[in-house]
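Sequence order for the protein chains is A and B.
Quick note, the first sequence lines up with residues 0 to 326 if you use numbering that gives the first Met the number 0.
Quick note, the second sequence lines up with residues 0 to 342 if you use numbering that gives the first Met the number 0.
Where is the CB? At the ideal position from N, CA and C, for every residue including glycine.
See structure below.
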Amino acid sequence: MSRKIALRDAIREAMTEEMRRDENVFLMGEEVAEYNGAYKVSKGMLDEFGPQRVIDTPISELGFAGIGVGAAMNGLKPIIEFMTWNFAVLAFDQIVNNAAKTLSQSAGEFSCPIVFRGPSGSAGQLAQQHSQTFEAWIANCPGLKVISVSDPYGAKGLMKAAIRDPDPICIMESEVCYGDMGEVPEEEYLLKIGEAAVMREGTDVTIVSFNKMMKVAFAAATELAKEGIQAEVIDLRTIRPLDHETIVKSVKKTNRLVIVDESWPFAGVSSEITYVVQKYAFDHLDAPIIRVNAADTSLPYSAPYVDAYLPNAKKVIDAVKQVTYVK
Amino acid sequence: MTQLANKSKVKKSTSKKKFDKETYLKWYEMMLRIRRFEERTLMAYGQQQVRGFCHVYIGQEAIAAGLISAIRPEDAIVTAYRQHGLAISRGIGTKECMAELYGKKTGVVKGKGGSMHFFSKEKRFFGGNGIVGAQIPIGTGIAFAEKYKGTDNLCVTMFGDGAARQGALYESFNMAMTWKLPVLYICENNHYAMGTSVERTSNVHDLYKIGHAFEMPSEAVDGMSPESVHNALEKAAAHIRSGKGPYYLEIKTYRYKGHSVSDPAKYRTKEEVKEYKDQDPVKMTEAKILKDKIATPEEIATIKAAIKKEIEEAVKFAEESPLPSGDDIYEDNYLQKDYPFLT
Ligand SMILES: Cc1ncc(C[n+]2csc(CCOP(=O)(O)OP(=O)(O)O)c2C)c(N)n1
Ligand SMILES: [Mg+2]
Numbered sequence: 000m001s002r003k004i005a006l007r008d009a010i011r012e013a014m015t016e017e018m019r020r021d022e023n024v025f026l027m028g029e030e031v032a033e034y035n036g037a038y039k040v041s042k043g044m045l046d047e048f049g050p051q052r053v054i055d056t057p058i059s060e061l062g063f064a065g066i067g068v069g070a071a072m073n074g075l076k077p078i079i080e081f082m083t084w085n086f087a088v089l090a091f092d093q094i095v096n097n098a099a100k101t102l103s104q105s106a107g108e109f110s111c112p113i114v115f116r117g118p119s120g121s122a123g124q125l126a127q128q129h130s131q132t133f134e135a136w137i138a139n140c141p142g143l144k145v146i147s148v149s150d151p152y153g154a155k156g157l158m159k160a161a162i163r164d165p166d167p168i169c170i171m172e173s174e175v176c177y178g179d180m181g182e183v184p185e186e187e188y189l190l191k192i193g194e195a196a197v198m199r200e201g202t203d204v205t206i207v208s209f210n211k212m213m214k215v216a217f218a219a220a221t222e223l224a225k226e227g228i229q230a231e232v233i234d235l236r237t238i239r240p241l242d243h244e245t246i247v248k249s250v251k252k253t254n255r256l257v258i259v260d261e262s263w264p265f266a267g268v269s270s271e272i273t274y275v276v277q278k279y280a281f282d283h284l285d286a287p288i289i290r291v292n293a294a295d296t297s298l299p300y301s302a303p304y305v306d307a308y309l310p311n312a313k314k315v316i317d318a319v320k321q322v323t324y325v326k
Numbered sequence: 000m001t002q003l004a005n006k007s008k009v010k011k012s013t014s015k016k017k018f019d020k021e022t023y024l025k026w027y028e029m030m031l032r033i034r035r036f037e038e039r040t041l042m043a044y045g046q047q048q049v050r051g052f053c054h055v056y057i058g059q060e061a062i063a064a065g066l067i068s069a070i071r072p073e074d075a076i077v078t079a080y081r082q083h084g085l086a087i088s089r090g091i092g093t094k095e096c097m098a099e100l101y102g103k104k105t106g107v108v109k110g111k112g113g114s115m116h117f118f119s120k121e122k123r124f125f126g127g128n129g130i131v132g133a134q135i136p137i138g139t140g141i142a143f144a145e146k147y148k149g150t151d152n153l154c155v156t157m158f159g160d161g162a163a164r165q166g167a168l169y170e171s172f173n174m175a176m177t178w179k180l181p182v183l184y185i186c187e188n189n190h191y192a193m194g195t196s197v198e199r200t201s202n203v204h205d206l207y208k209i210g211h212a213f214e215m216p217s218e219a220v221d222g223m224s225p226e227s228v229h230n231a232l233e234k235a236a237a238h239i240r241s242g243k244g245p246y247y248l249e250i251k252t253y254r255y256k257g258h259s260v261s262d263p264a265k266y267r268t269k270e271e272v273k274e275y276k277d278q279d280p281v282k283m284t285e286a287k288i289l290k291d292k293i294a295t296p297e298e299i300a301t302i303k304a305a306i307k308k309e310i311e312e313a314v315k316f317a318e319e320s321p322l323p324s325g326d327d328i329y330e331d332n333y334l335q336k337d338y339p340f341l342t
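So, in structure tokens, the structure goes:
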């Protein structure tokens, strides 16, 4: 049995179920308790679990991220919510210098089973400081796993897996997807971290994407189908470790690849995918890989800049036509 | 919550100092300008002309008023995203500010910053920062540069009660005090950081006490009165200019609206909001001017009419100005003219 629920509800269900299952799991962050979450992801959780386990913090990202790390080293399983990943930049010291390195520098003596989560990416006209994507930044760092969710089903299954995972995990959500509805089973399920999903089968071109750019990928695939081009659309779901097998398998079938990635182009997720595909499927490529990224700039406020900056269906369709040599 | 807010209130100003007519009218006009500008901003937001995050200053205008009379135009100022009122008080035109909110090319930063990011080198307005607390070390650094250059200027570094919980504040206070930097820290304590009251974020509810750990001169100020704000700022500025280093003021104020346009502000009571609205600085200043016969009702009416006209003209200017094309998105990312962007 399944029902349709919103992405924010899927994330909340995952956290709630895991908190019922394991009393060491707790949620901490700005406005998560009394305000029910800045984006209402944690709505009702304070009522169920009380202020011991659903904890409002001051605006002290570095401090509470570090408190999460210490608690994780000492046997708890924190879920640390950042109001957005833009603010987690203040906490990068604890994420990168501690959560990621605890296991290595203690030679396995201490682990750091922690989940850092929150929305990443642009969300309208929020301007330079509030519009950044963080998958590539974080995925560069060994010791961390990075998940980026796009739909309720994937989000719930991966969130539950992440909370049970023994390693530190960063999860990227999106403000503009929290209300998106999708089928989610009534029964418990977990998804495997590190596995991409083929969301639409096709034969002519592979489109790889993640997070809210999946909407752009789907929109482009729908348009392309009308013109007789069948795109295979892959949702990465996990950024690190990257499931290059699923991508490579698809490219071996379609011989063409377009990557739709909201992160900046330089040293981005798209660069990494391009590397692994040329390495494992060089002989199968019938055209150079094309990536459609956010512009190589900061994002200014005014609406025309947002249009110029972000990938959209038209840019993806143009890219697909280029790799399929369709005029 | 009403009770908690009461607890952190300060005594009303008892200063006998008299201000002249010009000062009163200057304060009144500026507060009214900011109030009307932002009321109009909220309307434009409702019409989807203004987008993104938008935080208004309504209720806090007495602080902007005190700043115009007590601080010199050469002094620098830096603040957070709740900045329209402070920018206007520095003399940035309401036209440029409204056009910015509309995302127009004629905006104070050409439609690139929006509500949270105004900047003006000419007016020594260093922004408009969207990351809570980030401007605290930046303001300290601006002051560092003034000292380095040997000027007599100071940097007014403003932040909210929520921002006072960022580690950056403690690091900055320590260095500013150690190096005797000419920085005037102002905490605009409007009692809430989004939905979180001051009382829920610390054991220390009187935010001015934070300065004591650094032996920094620190005081609480009534932020609903331009007189009190002016007096506190004047004293602090004199201290700083004498070379004794930083000064810290916790100015107790209130925002009448939600945190941003999307916040229904259900975390506070009607009574609490009313309590502050009853001391509204615009209303109270007008009443005082009339009661003490500082100016005539006709003079007040003239100011009101002029402000009304100014704001209407600002909106018209914003509406009629062109949007950027978007093609110039690569501009202003590097000063290097031929920077090789990845396209
Ligand atoms: C580092 C960081 N964390 C969180 C946020 C989200 N946020 C924006 S404003 C705000 C509340 C700040 O409150 P306060 O400092 O009291 O200023 P006020 O809004 O009351 O003027 C929060 C949590 C942010 N912008 N930056
Ligand atoms: Mg505040």
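Got a sec: is the Cβ-Cβ distance from proline 72(B) to anything in chain A below 8 Å? no
Contacting positions in the stretch 277 to 299 of chain A - beta carbon closer than 9 Å to chain B: Asn292, Ala294, Asp295, Thr296, Ser297, Leu298 and Pro299
Counting only Cβ-Cβ distances shorter than 7 Å, please list the residues of the stretch 88 to 118 of chain B near chain A, keeping chain order. Gly102, Gly110, Lys111, Gly112, Gly113, Met115 and His116
The beta strand (DSSP E) spanning asparagine 85(A) covers which residue range? Careful: asparagine 85(A) lies outside any beta strand (DSSP E), inside the alpha helix (DSSP H) at 84 to 87.
Expressed to the nearest angstrom, what Euclidean distance is found between the alpha-carbon atoms of glutamate 297(B) and alanine 79(B)? 37 Å
Quiz: which residues have CB nearer than 6 Å to ligand 2 non-hydrogen atoms: Gly159(B), Asp160(B), Gly161(B), Asn189(B), Tyr191(B) and Ala192(B)
Give me the Cβ distance between valine 148(A) and isoleucine 4(A), rounded to the nearest whole Å; I'm assuming they're in contact under 8 Å. With 8 Å as the limit, valine 148(A) and isoleucine 4(A) do not qualify as a contact, their Cβ atoms being about 14 Å apart.
How should asparagine 202(B) be labelled, buried or exposed, when 16 other C-beta atoms within 10 angstroms of its C-beta is the threshold for buried? exposed
Simplified DSSP state of glycine 127(B), which is helix, strand or coil: strand
Return yes when at least one heavy atom of ligand 1 lies under 7 Å from the C-beta of leucine 79(B), else no. Before going on, a small fix: residue 79(B) reads as alanine here, not leucine. Alanine 79(B): yes, Cβ under 7 Å from ligand 1.
In this structure, what does DSSP give as the bridge partners for tyrosine 338(B)? BP columns for tyrosine 338(B) are empty, so no partner.
Applying the criterion that 16 or more other CB atoms from any shown protein chain within 10 Å of the CB defines a buried residue, is glycine 45(B) buried or exposed? exposed
When you compare the CB of serine 301(A) with every CB in chain B, is at least one pair closer than 8 Å? yes
Terminal residues of the beta strand (DSSP E) in which tyrosine 329(B) lies: From DSSP, tyrosine 329(B) is part of no beta strand (DSSP E); its letter is neither H nor E.
Select from Tyr184(B), Val228(B) and Gly222(B) the residue whose C-alpha is nearest the C-alpha of glycine 210(B). Tyr184(B)
Integer Cβ distance of isoleucine 310(B) from arginine 81(B), believed to fall under 8 Å: Actually they are not in contact, since the Cβ atoms of isoleucine 310(B) and arginine 81(B) sit about 19 Å apart, beyond 8 Å.
Examine the Cβ distances between the stretch 107 to 115 of chain B and the stretch 162 to 172 of chain B and report whether three or more of them are shorter than 8 Å. no
Can isoleucine 137(B) be considered in contact with ligand 4, in the sense that its beta carbon sits closer than 7 Å to one or more heavy atoms? Ligands displayed in this structure: ligand 1 and ligand 2; ligand 4 is not among them.
Rounded distance between the beta-carbons of alanine 307(A) and alanine 294(A), thought under 8 Å: 6 Å
Among residues of its own chain, excluding the 5 on either side of glutamate 222(A), which ones have a beta-carbon nearer than 8 Å to its beta-carbon? Ala312 and Ile316
For glutamine 128(A), is the classification buried or exposed, using 16 other Cβ atoms within 10 angstroms of its Cβ as the cut-off for buried? buried
Distance, Cα to Cα, valine 9(B) vs lysine 251(B)? 7 Å
Could you give the distance in angstroms between the alpha-carbon of phenylalanine 265(A) and the alpha-carbon of leucine 341(B)? 7 Å
Could you please give me the residues that DSSP links to leucine 183(B) through a beta bridge? Val155(B) and Tyr246(B)
Contact between the stretch 36 to 43 of chain B and the stretch 192 to 206 of chain B (3+ Cβ pairs under 8 Å): no
Rounding to the nearest angstrom, what Cα-Cα distance links serine 301(A) and alanine 192(B) in this structure? 27 Å
Give the DSSP-derived three-state secondary structure of phenylalanine 115(A) in the structure shown. strand
Going by DSSP, which residues form a beta bridge with lysine 144(A)? Ile168(A)
Taking only beta-carbon positions, decide if serine 59(A) is within less than 8 Å of chain B. yes
Are the CB atoms of leucine 189(A) and glycine 153(A) within a distance shorter than 8 Å? no
Could you name the residues that DSSP lists as bridge partners for tyrosine 255(B)? None, per the DSSP bridge assignment.
I need the DSSP call for serine 41(A), collapsed to helix, strand or coil. coil
Under 8 Å, with one C-beta from each stretch per pair, do the stretch 247 to 262 of chain B and the stretch 87 to 102 of chain B reach the 3-pair mark? no
For serine 171(B), which residues in the same chain have their Cβ closer than 7 Å to its Cβ, ignoring the five residues on either side in sequence? Ile135, Pro136 and Thr139
Below 8 Å on the Cβ atoms is my contact criterion, and I expect leucine 235(A) with phenylalanine 209(A) to pass it. Report the Cβ-Cβ distance as a whole number of Å. 4 Å
Express the C-alpha separation of isoleucine 141(B) and isoleucine 67(B) in angstroms, rounding to a whole number. 19 Å
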